[in-house]
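Protein chains: 2
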Amino acid sequence: MIKSALEKVVSEDLAAIWTILEGEEKRRIIDAFTLHTFRKNQIVYAEGENPDHLWVLLKGKVKIFKDGIGGRQQILRLIRPVQYFGYRAYFAREPYVSSASAFESSTLGSLPMSLVEELMHGNNKLAWFFIHELSRNLGGSDTKIVNLTQKHIRGRLAEALIVLKDNYGYEDDDSTLRIYMSREDLANLSNMTTSNAIRTLSGFVAEKIITVDGRRIRILNEQMLRKISKFG
Amino acid sequence: MIKSALEKVVSEDLAAIWTILEGEEKRRIIDAFTLHTFRKNQIVYAEGENPDHLWVLLKGKVKIFKDGIGGRQQILRLIRPVQYFGYRAYFAREPYVSSASAFESSTLGSLPMSLVEELMHGNNKLAWFFIHELSRNLGGSDTKIVNLTQKHIRGRLAEALIVLKDNYGYEDDDSTLRIYMSREDLANLSNMTTSNAIRTLSGFVAEKIITVDGRRIRILNEQMLRKISKFG
DNA sequence: AAATAATTATGTTATAGAGCACAAATATAC
DNA sequence: GTATATTTGTGCTCTATAACATAATTATTT
């Protein structure tokens, strides 16, 4: 059971980073790999803790966030299958500066970072995988700084909806976001209060840019949303 | 002249990443290395351009920033000698998402990223250098997101002053910041208008936390500044 | 199924900080 | 050394958004 889940990860090309390993190395990975299930809202790791595992999301959704002033939370990144996370702090030789928790019940895998590091030394491609990921994330964070500080509420919420679409996509109807999140999380993603997330969302509904049915959000006019995100 | 500046870089332990190279490799670096001088406010690279060089600041001060809504600029990072920058976008295979310019007249070196990348493939330590740098920067950016979005003006300015101190240090009197920047740049660092940077700075002076003489800022009570930065 | 808790919705008020205007002081150019 | 431009300083107004309050839904627990 554990092995089969790993075989899936190892074989899928999304997880191509392990396919380059062979023989002995692959065996060591398989032996060290551990499967975990997390329930909705369960914490994977918390800010301040010491990082020692590489995490991979196999099924479900995970958010990386930071608790700020007065319990206000900022969502920094969204994780989808099959993405890796939890390694940055280890590489920086510092405690986690953010936390990770499951949005919905999820299946994760973990590997000891010490093993990952060791394999990276003998395997340059593995190192390049992380260089690429870190570089993309850093660009994303730098962009987020300006988006969150300079855009107005409408722009920030529009941006958040686009981010949700880009991360989790649409359902079969090609318009319903494939993630159902609370208004509070939506607010935490776009740096505003829950009230304002609700209000602004209603505004978009009134303008026929989206449709809302509980937590199901259908995007009627993605073009317009991108426009608002850009200039709003 | 060019060679001697490089010898300095190559030999100093701050630039230890090159000391691990030897013979042929070191020669190739020396041949490809180019010296540049930039005048105050001169652009090193601009957002949207394609990255093809690794930059190293040898003397002076450089800011990494992003132009936002209505020409409002956000300073993302400060560079001091001997720090490397400009590589993130190349590794991410995307255009620059930010720009770099000299704060004051500065001396920089550059190396083609293609050469750096090539050497990294044969030299794991070089790869690790960038993994470490990227990881630290990403942690910094994630923290900045929350600092800039959730702290109040006083907290953000106090934080900015601490950042200046941590980056460029004090002069011989152990209290004057070793960087003189315009109120506007101070504002761009802490996400506020120039007026508010001036006003808040005056507030700190009135509270005897700092002293201001034109662009010279003396920090009288660093402890208090850290406190304001943390809770303000 | 009833009771309790959490989330969503909407209205009202308060305020941090932006925006603007103008004067004084510095720096830069001619 | 005078003229012009830029930066700094301060007061005033305005507004985007937080904060708070309360009701209506919707989930969750017992």
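Chains as they are written, first to last, in the working numbering: chain C, 11 to 242; chain X, 11 to 242.
We put the beta carbon where it would ideally sit given N, CA and C, even for glycine.
Check whether chain C comes within 8 Å of residue i, counting only Cβ atoms and requiring the distance to be less than that.
i                 : result
Gly78 of chain X  : yes
Leu24 of chain X  : Note that Leu24 of chain X scores a pLDDT of 41, beneath 50, so its modelled location is shaky; the value from the coordinates is reported in the next line. By this cut-off, Leu24 of chain X is not an interface position.
Glu34 of chain X  : no
Val156 of chain X : yes
Leu121 of chain X : no
Asp223 of chain X : no
Phe139 of chain X : no
Arg146 of chain X : yes
Thr29 of chain X  : no
His63 of chain X  : no
Leu199 of chain X : no
Val107 of chain X : yes
Gly149 of chain X : yes
Phe101 of chain X : yes
Asp176 of chain X : no
Asp184 of chain X : no
Taking all protein chains shown into account, decide if residue i is buried (16 or more other Cβ within 10 angstroms of its Cβ) or exposed.
i                 : result
Ile53 of chain C  : exposed
Gly179 of chain X : exposed
Glu34 of chain X  : exposed
Lys154 of chain X : buried
Glu143 of chain C : buried
Glu32 of chain X  : exposed
Asn113 of chain X : Note that residue 113 of chain X corresponds to Phe in the displayed sequence, not to Asn. Its Cβ being crowded by 16 or more others within 10 Å, Phe113 of chain X is buried.
Gly132 of chain C : exposed
Lys73 of chain X  : buried
Arg164 of chain C : buried
Asp152 of chain X : buried
Ala137 of chain C : buried
Asn51 of chain X  : exposed
Asn147 of chain X : buried
Ser205 of chain X : exposed
Lys135 of chain C : exposed
Gly81 of chain X  : exposed
Gly7 of chain C   : No information on residue 7 of chain C is available, as it lies outside the stretch 11 to 242 that chain C covers here.
Arg218 of chain X : Here residue 218 of chain X turns out to be Lys, not Arg, going by the sequence shown. Its Cβ having fewer than 16 others within 10 Å, Lys218 of chain X is exposed.
Arg37 of chain X  : exposed
Taking 6 Å as the limit between beta carbons, can you name the residues of its chain near residue i, skipping five residues before and five after?
i                 : result
Met11 of chain C  : Low confidence applies here, because Met11 of chain C scores a pLDDT of 42, under 50, leaving its location unreliable; read the following figure in that light. Once the five neighbours on either side are set aside, Met11 of chain C has no close Cβ partner at all.
Arg49 of chain X  : Ser115
Lys13 of chain X  : Note on Lys13 of chain X: pLDDT 49, under 50, position unreliable in the model; no value is reported.
Ala207 of chain X : Arg193, Leu196, Ala197
Leu199 of chain C : Ile85, Ala170
Arg225 of chain X : Tyr190
Ile229 of chain C : Ser185, Ile220
Asp223 of chain C : none
Ends of the beta strand (DSSP E) at residue i?
i                 : result
Val222 of chain X : 220-223
Asp77 of chain X  : 72-77
Phe48 of chain C  : 44-48
Ile227 of chain X : 226-229
Leu67 of chain C  : 63-69
Tyr190 of chain X : Taken as a continuous stretch (DSSP letters only), Tyr190 of chain X belongs to no beta strand (DSSP E), as it is neither H nor E.
So residue i is in the alpha helix (DSSP H); what residue range does that whole segment cover?
i                 : result
Leu193 of chain C : Contrary to the premise, residue 193 of chain C reads as Arg rather than Leu in this sequence. Start and end: 193-199.
Phe241 of chain C : 232-241
Tyr178 of chain X : 163-178
Arg209 of chain C : 204-216
With 8 Å set as the bound, which would you pick, yes or no: does the beta-carbon of residue i sit closer than that to a beta-carbon of chain X?
i                 : result
Leu167 of chain C : no
Gln160 of chain C : yes
Val126 of chain C : no
Leu196 of chain C : no
Arg82 of chain C  : yes
Val54 of chain C  : no
Glu104 of chain C : yes
Leu129 of chain C : no
Phe48 of chain C  : no
Leu235 of chain C : no
Arg98 of chain C  : yes
Asp41 of chain C  : no
What does a CB cutoff of less than 8 Å around residue i pick up in its chain, not counting 5 residues either side in sequence?
i                 : result
Ile172 of chain C : Glu232, Leu235, Arg236, Ser239
Asn177 of chain X : Leu88, Arg90, Ile189
Ser124 of chain C : Asp62
Val126 of chain C : Leu64, Tyr97, Leu136
Lys175 of chain C : Leu187, Ile229, Glu232
Met202 of chain C : Ile163, Arg166, Leu167, Thr210
Looking only at its own chain, which residues have a Cβ that is under 7 Å from the Cβ of residue i, when we skip the five neighbours before and after it?
i                 : result
Ala168 of chain C : Leu235, Ile238, Ser239, Gly242
Gly96 of chain C  : Tyr55, Pro61, His63, Leu64, Trp65, Ala110
Less than 7 Å between the CB of residue i and some heavy atom of the ligand GDP, yes or no?
i                 : result
Thr153 of chain C : The ligand GDP is not part of this structure, which contains no ligands at all.
Where are the beta strand (DSSP E) runs, 3 residues long or more, that stay fully inside the stretch 82-141 of chain X, in chain order?
83-89, 109-112, 116-122
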